[in-house]
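J.: If you count by the working numbering, then the sequence shown holds residues 3 to 379, one letter each, in order.
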Amino acid sequence: MTEVAIPLLYSSVCLHSENSLQKFTAHLHSADQMWDSIRRIPYSTPGRWVQVLDLSEFLVELDSSACYAINALLTQLFPLLPSLAKLTLYSGFLLSRRALASLTHRDGSSNIRALGGIYYDPFIYSAVATGEDPFVQLLRVCVNLELLEVTGVGLDDTDLESHFDNTENLKTPHMVAPLYLPHLRSLTLLSMPSSLLMHALLHTPLPRLRTLSLTPYDDIPFPASLSSLFLEKHGQYLHAIFLFTPKSWPTRYHSSPITILHTSPRLRHLSLEYPLPALTIASQTPLTDASSPFIHPLQILSIPRPNSDFWVTLERLLPFLPSLQIIRTRDVRWLRRGMTFRAQETGVQGEMREWNRRLTRRGIRLLDSNWKELQDV
């Protein structure tokens, strides 16, 4: 029984503090030191049993002064986990170059299936004059990767000119060799207008990519922004696109491309961000010819909140969206029962109810942020 239970116990590890990470690393290192070369299996236990490592819970609360110590522990820990398939960090924690190298240059790198909560700073990772971006190096060996979630540093509009100046090295994308990620199905690139990572992914065939989460920067020209080009290049086979700007203070929104429905003709779920784009419908897409009417298969449309301006756009699109079943207001909930009539019919609640009346006549459900209809509240 113990021979079965212990490997299962170690298969998925979620650590809750820096102290627990330190003890876990010390335990695995001690076990590895005692592992002799006579054994038929080259990898020590319990390290080789670990398939899932989740550090997100305590990294959220981590003090910046502890980052060096955590990176030192991870540099020591990663080589002891040859079967690691899923690693979850926190988008506010930056892996050091040494920790990234430790994760990259080890046995079992091809076993990684999911990397989540990764924080990427293109100016730190891409600052060296020689060699390749260390995170791109990691992706080169993760040939079986299925899920990737990366958050960048964003873009400060007050320092926009200097950002353009710092993208001189991004003007030669041909220098970044394509990656090999045939199994990647879900990709998240938030707060990242451009980077060597985006260049590498932009020029990498992603035949199985079906879900893309992206922060839009359509109002910023190439090469300072690659987001719109990324949507155009990889949009043809996408089933879900989530445009999202992480909240900060102040939150700076950038425009989205108006051609998403044209460049993503197989899209089923589209989630838009402020400012809501005046989406257009092209008479011809890669899936249709000029003689047939364009019908888009979109089923779910998510928006932050309804407004009269976007209703004009939506009303124009509805004849081309016969499969549309749900419109979700991502940032708004229905008022609970018992609130006054004035509260329910004014402001955004009033707009919600007006949209609900119009959409119900068309057989489309209006859901709030909790995926609930008005009658379910």
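Glycine included, C-beta positions come from ideal geometry on N, C-alpha and C.
Every value quoted in this text rests on a predicted model; they were computed, and no experiment measured them.
Residue ranges of each beta strand (DSSP E) run of no fewer than 3 residues wholly in the region 302-340, ordered along the chain?
T.: Fully enclosed beta strand (DSSP E) runs of 3 or longer: 302-305 and 328-331.
J.: Looking only at its chain, what residues have a beta carbon closer than 6 Å to the beta carbon of residue 358, apart from the 5 residues adjacent to it on each side?
T.: Start at 1 with the first residue of the sequence shown, and residue 358 comes out as number 356. Only 368 and 376 meet the Cβ criterion.
J.: Closest to residue 245 by C-alpha separation, out of 231, 273 and 107, would be which residue?
T.: In the sequence shown, counting from the first residue as 1, residue 245 sits at position 243. The shortest C-alpha separation from residue 245 is found at 273.
J.: Using the C-alpha atoms, what's the distance from residue 298 back to residue 282?
T.: In the sequence shown, residue 282 corresponds to position 280, counting from 1. In the sequence shown, residue 298 corresponds to position 296, counting from 1. Each residue's Cα considered, the two are about 12 Å apart.
J.: Any idea if residue 8 is buried or exposed, counting beta-carbon neighbours within 10 angstroms, 16 or more meaning buried?
T.: Here the question's residue 8 lines up with position 6 in the sequence shown. When all chains shown are included, residue 8 counts as exposed.
J.: So, is residue 32 buried or exposed, given that buried needs 16 or more other C-beta atoms within 10 angstroms?
T.: Position 30 of the sequence shown, counting from 1, holds the residue named residue 32. By the neighbour-count rule (16 or more Cβ atoms within 10 Å), residue 32 is not buried but exposed.
J.: Could you pull the start and end residues of the beta strand (DSSP E) that residue 362 belongs to?
T.: By one-based count along the sequence shown, residue 362 stands at place 360. Segment 349-363 is the alpha helix (DSSP H) holding residue 362; no beta strand (DSSP E) there.
J.: Which value, in whole angstroms, describes the spacing of the CA atoms of residue 108 and residue 266?
T.: Taking the first residue of the sequence shown as 1, we reach residue 108 at position 106. Taking the first residue of the sequence shown as 1, we reach residue 266 at position 264. Going from the Cα of residue 108 to the Cα of residue 266 covers about 38 Å.
J.: Assuming residue 202 is part of the beta strand (DSSP E), what are its boundary residues?
T.: For the purposes of this step, residue 202 is taken as residue 200 along the sequence shown, with counting starting at 1. It is not in any beta strand (DSSP E) - residue 202 instead sits in the alpha helix (DSSP H) that spans 198-204.
J.: Give me the Cβ distance between residue 151 and residue 218, rounded to the nearest whole Å; I'm assuming they're in contact under 8 Å.
T.: Here residue 151 refers to the residue found at position 149 when the sequence shown is read from its first residue. Here residue 218 refers to the residue found at position 216 when the sequence shown is read from its first residue. Residue 151 to residue 218, Cβ: 17 Å. No contact.
J.: Since residue 308 and residue 332 are thought to touch, with beta carbons under 8 Å apart, how far apart are those beta carbons, to the nearest angstrom?
T.: Counting from 1 along the sequence shown, the entry for residue 308 is found at position 306. Counting from 1 along the sequence shown, the entry for residue 332 is found at position 330. In fact, because the Cβ distance is near 11 Å, the residues do not count as touching under 8 Å.
J.: DSSP puts residue 244 in a beta bridge; with which residues?
T.: Translated into the one-based positions of the sequence shown, residue 244 becomes position 242. DSSP output for residue 244 lists 215 and 273 as bridge partner(s).
J.: Can you tell me whether residue 310 is buried or exposed, with buried defined as 16 or more other CB within 10 angstroms of its CB?
T.: Locating residue 310 in the sequence shown gives position 308, where the first residue counts as 1. By the neighbour-count rule (16 or more Cβ atoms within 10 Å), residue 310 is not buried but exposed.
J.: Excluding sequence positions up to five away, which residues of its chain have a Cβ less than 6 Å from the Cβ of residue 117?
T.: The residue labelled residue 117 in the question sits at position 115 within the sequence shown. The answer, listed in chain order, is 89 and 150.
J.: Would you call the region 135-147 and the region 208-225 in contact, with 3 or more CB pairs under 8 Å?
T.: At 8 Å Cβ cutoff, the stretches do not touch.
J.: Do residue 221 and residue 256 come within 8 Å of each other at the CB atom, strictly closer than that value?
T.: The residue labelled residue 256 in the question sits at position 254 within the sequence shown. The residue labelled residue 221 in the question sits at position 219 within the sequence shown. It is a contact, given that the beta carbons lie within the stated cut-off.
J.: Have a look at 54, 50, 85 and 95 and flag the residue whose alpha-carbon is nearest the alpha-carbon of residue 70.
T.: Locating residue 70 in the sequence shown gives position 68, counting from the first residue. For residue 70, the nearest C-alpha among the options comes from 95.
J.: Count the other CB atoms within 10 Å of the CB of residue 125; is the residue buried (16 or more) or exposed (fewer)?
T.: To locate residue 125, count along the sequence shown from 1; it is residue 123. Exposed, by the Cβ-count rule.
J.: Going by the DSSP bridge assignment, what does residue 116 pair with across the sheet?
T.: The residue you call residue 116 lines up with position 114 of the sequence shown. In the DSSP output, where bridge partners are listed per residue, residue 116 has 88 and 149.
J.: Between the beta-carbon of residue 58 and the beta-carbon of residue 119, is there less than 8 Å?
T.: The sequence position of residue 58 within the sequence shown is 56, counting from 1. The sequence position of residue 119 within the sequence shown is 117, counting from 1. For residue 58 and residue 119, yes; Cβs fall inside 8 Å.
J.: Helix, strand or coil for residue 424? Go by DSSP, reduced to three states.
T.: Residue 424 lies beyond the stretch modelled for the chain, which goes from 3 to 379, so this question has no answer here.
J.: Could you check where the beta strand (DSSP E) with residue 188 kicks off and where it finishes?
T.: As a first step, residue 188 must be located in the sequence shown, where it is residue number 186. Residue 188 -> beta strand (DSSP E) spans 188-192.
J.: What first and last residue would you give for the beta strand (DSSP E) that runs through residue 144?
T.: Position 142 of the sequence shown, counting from 1, holds the residue named residue 144. Premise fails: residue 144 is in no beta strand (DSSP E) and is neither H nor E.
J.: Please report how far the alpha carbon of residue 213 lies from the alpha carbon of residue 29, in whole angstroms.
T.: Taking the first residue of the sequence shown as 1, we reach residue 213 at position 211. Taking the first residue of the sequence shown as 1, we reach residue 29 at position 27. Roughly 38 Å separates the two Cα atoms.
J.: Spatial neighbours of residue 268 within its chain, please: CB distance less than 8 Å, with the 5 preceding and 5 following residues excluded, ordered by chain position.
T.: Residue numbering aside, residue 268 sits at position 266 when the sequence shown is read from its first letter. Around residue 268: 238, 239, 240, 241, 289 and 299.
J.: Going by DSSP in three states, residue 210 sits in which element: helix, strand or coil?
T.: As a first step, residue 210 must be located in the sequence shown, where it is residue number 208. Coil at residue 210, not helix or strand.
J.: Can you tell me where the beta strand (DSSP E) holding residue 14 begins and where it ends?
T.: Working through the sequence shown from its first residue, we reach residue 14 at position 12. Looking at the DSSP string, the run of the beta strand (DSSP E) that includes residue 14 is 14-16.
J.: Go to residue 55, then tell me how far its beta strand (DSSP E) extends in each direction, as first and last residue.
T.: Here residue 55 refers to the residue found at position 53 when the sequence shown is read from its first residue. Note, residue 55: beta strand (DSSP E), 54-56.
J.: Taking 6 Å as the limit between beta carbons, can you name the residues of its chain near residue 93, skipping five residues before and five after?
T.: Within the sequence shown, residue 93 is the residue found at index 91, counting from 1. Within the same chain, residue 93 has close Cβ partners 119, 121 and 153.
J.: Grouping DSSP H, G and I as helix and E and B as strand, with all else coil, what is residue 23?
T.: As a first step, residue 23 must be located in the sequence shown, where it is residue number 21. In this structure, residue 23 counts as helix in the three-state DSSP scheme.
J.: Where does residue 121 sit, in a helix, a strand or coil, going by DSSP?
T.: The residue given as residue 121 occupies position 119 in the sequence shown. Reduced to three states, the DSSP call for residue 121 is strand.
J.: Within a Cβ cutoff of 7 Å, which residues of the same chain sit near residue 325, ignoring the five residues on either side of it in sequence?
T.: Along the sequence shown, one-based indexing puts residue 325 at 323. 299, 300 and 301, listed in sequence order.
J.: Could you have a look at residue 99 and say whether DSSP puts it in helix, strand or coil?
T.: Along the sequence shown, one-based indexing puts residue 99 at 97. Helix, per DSSP.
J.: Let's see if you can read the secondary structure: which residues bound the alpha helix (DSSP H) around residue 231?
T.: Your numbering for residue 231 matches position 229 in the sequence shown. Looking at the DSSP string, the run of the alpha helix (DSSP H) that includes residue 231 is 229-236.
J.: Would you call residue 17 buried or exposed, if buried means 16 or more other Cβ atoms sit within 10 Å of its Cβ?
T.: Stepping through the sequence shown from its first residue, residue 17 is reached at position 15. Residue 17 comes out buried.
J.: In chain order, what residues of the same chain have a beta carbon less than 6 Å from the beta carbon of residue 79, not counting five sequence neighbours either side?
T.: Working through the sequence shown from its first residue, we reach residue 79 at position 77. 27.
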